[in-house]
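**Q**
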Amino acid sequence: MSLRFYIDDSGKNDPPVFVLGGVAFQAEQVATFEAEWIAELASPPAIPFLKMKDANAGRGAFKGVPRSERDAKLARLGEILRTHATATVAVIVRHDDYERIFAGKMMAWMDRPYQMMFHLTIATAYKLVAEHGFGKTAEFVFDRQIEHETALRESYPALRQGMEPALAAFLLENPRHADDQIEVALQAADMIAWHVRRTWRDGTDAMARASGAGPSIVAIPGKHDLFTEKTLAFLASVATGTVRRLNTVFPYEAKQIGEDFEAMATYANLQLIAEARPLQPVELISFPATGTGTYQLVRSCAALGRPHLHRQSGTRCLGEASAA
């Protein structure tokens, strides 16, 4: 049996948590599910598509629809989902935890959690399927993310080459992104992600009360994992260890080193000059550094009667420091 996971996000720029979550179907069930979902969307009160935040707030497609009718609509959609879905999956991070550990530390794509959670969602789904014996292979369809999907699509083939063989075999093809008005199962993923984000601290009882669809959602087997600050710190340490074993640094570290290098090299060169013994050759750092280019090698000067790197400051020779 092959599964197809549909994944959407909730709370991308809205603390306290960010969620990637969704639903898995047997691949052959997707067409039937989508046909029933579309039929329910068209039934009174008809809406063109589902956005849970609009359904909850009574805006967008649900503007003017009474709460009771919204709840009944969601209950019917939830029951269609429960009938056809195999499982739900979600990964959750606290925005502040993620920012403390990753923002500005490693590389630009890690400043925000989406791309890391993209990979964590696939890993969590793999564990879910293994734990429940739902199947041996899966596809992953994510809702559109214009700012991320090109980078993910281009990097995934190389990433896949380094995967554990079992995980690589689990993935029928590389993950892809799609429009939720074309592949409408992504609207069900939006429903799952919204419910998980609304109730991440309070469990299934709260989820069942969150909307008319809640009771149907909690009846579907699922794996919803919170990645704590401790877990994120561990992931950061693994990434750092990998980079260090390659004898390199992260792009942000390289940028900082570049910005600081002139001052660091200048300080080191001046220390070498100051600590040199009389007549001792001094090998300076050969990279350009602020100030060292203006020193001149002289046999002596009025202030210092031996060869030294000379630089005049007013009436004082800065090379006098090397006499210390």
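Start counting the sequence shown at 1; every next residue gets the next number (full-length UniProt numbering).
We put the beta carbon where it would ideally sit given N, CA and C, even for glycine.
Beta strand (DSSP E) containing residue 22: first to last residue?
**A** From DSSP, the beta strand (DSSP E) with residue 22 extends over 17 to 26.
**Q** Does the Cβ-Cβ distance between residue 84 and residue 137 come in under 8 Å?
**A** Against a cut-off of 8 Å, the Cβ pair of residue 137 and residue 84 comes out as no contact.
**Q** Check whether the Cβ atoms of residue 356 and residue 101 sit closer than 8 Å, and answer yes or no.
**A** With the chain covering 1 to 324 only, the question about residue 356 has no answer from this structure.
**Q** So residue 78 and residue 193 are supposed to be a Cβ contact under 8 Å. How far apart are they, rounded?
**A** About 14 Å separates the two Cβ atoms, so there is no contact after all.
**Q** If you reduce the DSSP assignment to three classes, tell me which class residue 49 lands in.
**A** Looking at residue 49 - three-state DSSP - the assignment turns out to be coil, as it is neither helix nor strand.
**Q** Please report whether the beta-carbon of residue 121 lies at a distance below 8 Å from any beta-carbon of chain C.
**A** Of the protein chains in this structure there is only one, and it is not chain C.
**Q** Going along the chain, which unbroken runs of the alpha helix (DSSP H) with 4 or more residues stay wholly within the stretch 220 to 279?
**A** Taking only runs of at least 4 residues, the alpha helix (DSSP H) segments lying wholly in the stretch 220 to 279 are 229 to 245 and 251 to 275.
**Q** In whole angstroms, what is the alpha-carbon distance linking residue 118 and residue 280?
**A** Going from the Cα of residue 118 to the Cα of residue 280 covers about 59 Å.
**Q** Can you give the beta carbon distance from residue 141 to residue 176, rounded, assuming they're within the 8 Å contact cut?
**A** Rounded, the Cβ-Cβ distance is 6 Å, consistent with contact.
**Q** Please classify residue 246: is it buried, with 16 or more other beta-carbons within 10 angstroms of its beta-carbon, or exposed?
**A** By the 10 Å Cβ count, residue 246 comes out exposed.
**Q** Here's the rule: buried if 16 or more other CB atoms are within 10 angstroms of the residue's CB, otherwise exposed. What is residue 15?
**A** Flag for residue 15 reads exposed.
**Q** Is the beta carbon of residue 92 closer than 8 Å to that of residue 184?
**A** In this structure, residue 92 does not lie closer than 8 Å to residue 184 by Cβ.
**Q** What are the uninterrupted segments assigned as alpha helix (DSSP H) that are 4 or more residues long and contained completely in the stretch 88 to 168, given in chain order?
**A** Whole alpha helix (DSSP H) segments, 4+ residues: 95 to 102, 114 to 132 and 146 to 161.
**Q** From residue 248 to residue 258, what distance separates their C-alpha atoms?
**A** Taking the straight line from one Cα to the other gives about 14 Å.
**Q** Residue 171 bridges to which residues according to DSSP?
**A** Paired residue(s): 138.
**Q** Classify residue 96 as buried or exposed, calling it buried when 16 or more other Cβ atoms lie within 10 Å of its own Cβ.
**A** Residue 96 is exposed by the Cβ-count criterion.
**Q** Taking Cβ to Cβ, would you say residue 39 is nearer than 8 Å to residue 4?
**A** For residue 39 and residue 4, no; Cβs fall outside 8 Å.
**Q** Tell me, please, which residues DSSP counts as bridged to residue 4.
**A** DSSP, once it has assigned bridges, lists 25 and 139 as partnering residue 4.
**Q** Would you say residue 105 and residue 267 are within 8 Å of each other, going by their C-beta atoms?
**A** Not in contact: residue 105 and residue 267 (Cβ atoms no closer than 8 Å).
**Q** Have a look at residue 243 and residue 107 and give me their C-alpha separation to the nearest angstrom.
**A** Distance between the alpha carbons of residue 243 and residue 107 is about 12 Å.
**Q** If we call anything under 8 Å between Cβ atoms a contact, is residue 210 one with residue 195?
**A** Yes. Within cutoff.
**Q** Can you confirm whether the stretch 160 to 173 touches the stretch 39 to 54 when touching is taken to mean that 3 or more C-beta pairs between the two stretches lie within less than 8 Å?
**A** Cβ pair count under 8 Å is below three, so no.
**Q** Taking the beta strand (DSSP E) that residue 178 falls in, what are its first and last residues?
**A** Run containing residue 178: 176 to 178, per the beta strand (DSSP E) assignment.
**Q** Ignore the nearest five residues each way along the sequence and tell me which others in residue 120's own chain have a CB closer than 6 Å to its CB.
**A** Cβ within range, chain order: 91.
**Q** Mind checking residue 9: buried by the 16 CB within 10 Å criterion, or exposed?
**A** When all chains shown are included, residue 9 counts as buried.
**Q** Take residue 215 as the anchor and find which of 63, 75 and 200 has the nearest alpha-carbon.
**A** It is 75 whose Cα lies nearest to the Cα of residue 215.
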